[in-house]
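Colleague: Mind the numbering: the sequence shown is residues 11 to 247 in our numbering, read in order.
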Amino acid sequence: HNPQSTILSVLIKTAMVKNSASPVSPAATAEIEGKANHLNCLPIRMTSVVIKGFGRGSKDLGIPTANLSRDGLQCSMSFESLPTGIYWGYARIFQPISDSDKNLDSADDNDYSSSLPLDACGEKVIPFFKAAISIGYNPCYGNKEKTIEPHLIAPVGHPLRAASACNETEFDNLYNFAIRLSIVGYLRPELPFEGLEKLVEAIKNDIVQTELMCSRDNKLTAGEKNWVSSDQDAKTT
């Protein structure tokens, strides 16, 4: 039994239903095979540190991202093998243990502030986020190197949820904080949009889809939320 063959078969049958059972074109089949490849390697787990990126997410788009450092990246698969695309998943940001002897896991996960949240006693806390995640080369900008860039989504109604230029979540500065990231599901391929307005529109839709998918209660989402909340190795499955 080959899980990838099963996924591919289901996707092709779905495409035929959408097209009134007409044969799926070679181009459409190639796209479906690409999606099957993406789905077959998920979920992907990783830990790293947030570093300074190009600043385009915040300045150009109003949708800032927490860029992951490739140095010291621990991942359930190799960096080179990470398939490009837009995904949904879960993330946790916290102060690296090496920088503090505090018991971070005792903090209140629901207390947020403009940068890394603080509780009533001024202790660093561990926020838990839904995340819309980009892996790839940002075709609108033509990057030379692959990047991993999650956009962290604050809860609906929180003041930071509409803090950015286009009314999305924006924190002040998360540089050098540790991040645990679980990439759970695939949304779409990277696309070279015509102009920033189209790109922003697409990303905002990715955020909507991410919230819907992350809100589902099933074995997969429960398992990945548990992993993000733990201190288990990224290669643990």
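Think of the CB as a built atom: it goes at the ideal place given N, C-alpha and C, for glycine as much as any other residue.
Values in this document were obtained by computation on a predicted structure and should not be read as measured data.
For the beta strand (DSSP E) holding L52, just list the boundary residues, first then last.
Modeller: Careful: L52 lies outside any beta strand (DSSP E) and carries neither H nor E.
Colleague: Counting only runs that start and end within the region 160-247, where is the beta strand (DSSP E) found for 3 or more residues in a row?
Modeller: Qualifying beta strand (DSSP E) stretches, in chain order: 188-198.
Colleague: On the DSSP bridge assignment, give the partners of N77 in chain order.
Modeller: DSSP output for N77 lists I61 as bridge partner(s).
Colleague: Using DSSP bridges, identify the partner residues of F104.
Modeller: The partner list for F104 (beta bridge, DSSP) reads A188.
Colleague: Would A76 and V59 be called neighbours here (beta carbons separated by less than 7 Å)?
Modeller: Result no, Cβ atoms of A76 and V59 do not sit closer than 7 Å.
Colleague: How long is the line joining the alpha carbons of L52 and K214, rounded to whole angstroms?
Modeller: Distance between the alpha carbons of L52 and K214 is about 23 Å.
Colleague: Could you work out which residue in H168, S240, E180 is closest to P160 when comparing CA atoms only?
Modeller: Answer by Cα proximity: E180.
Colleague: Out of V218, G146, D216, T231, which has the shortest C-alpha to C-alpha gap to R80?
Modeller: It is G146.
Colleague: I want to know whether the region 217-233 touches the region 190-203 - three or more CB-CB distances under 8 Å.
Modeller: Flag = yes, the region 217-233 and the region 190-203 touch.
Colleague: Taking S144 as part of the beta strand (DSSP E), name the residues at either end of that continuous run.
Modeller: Note, S144: beta strand (DSSP E), 138-146.
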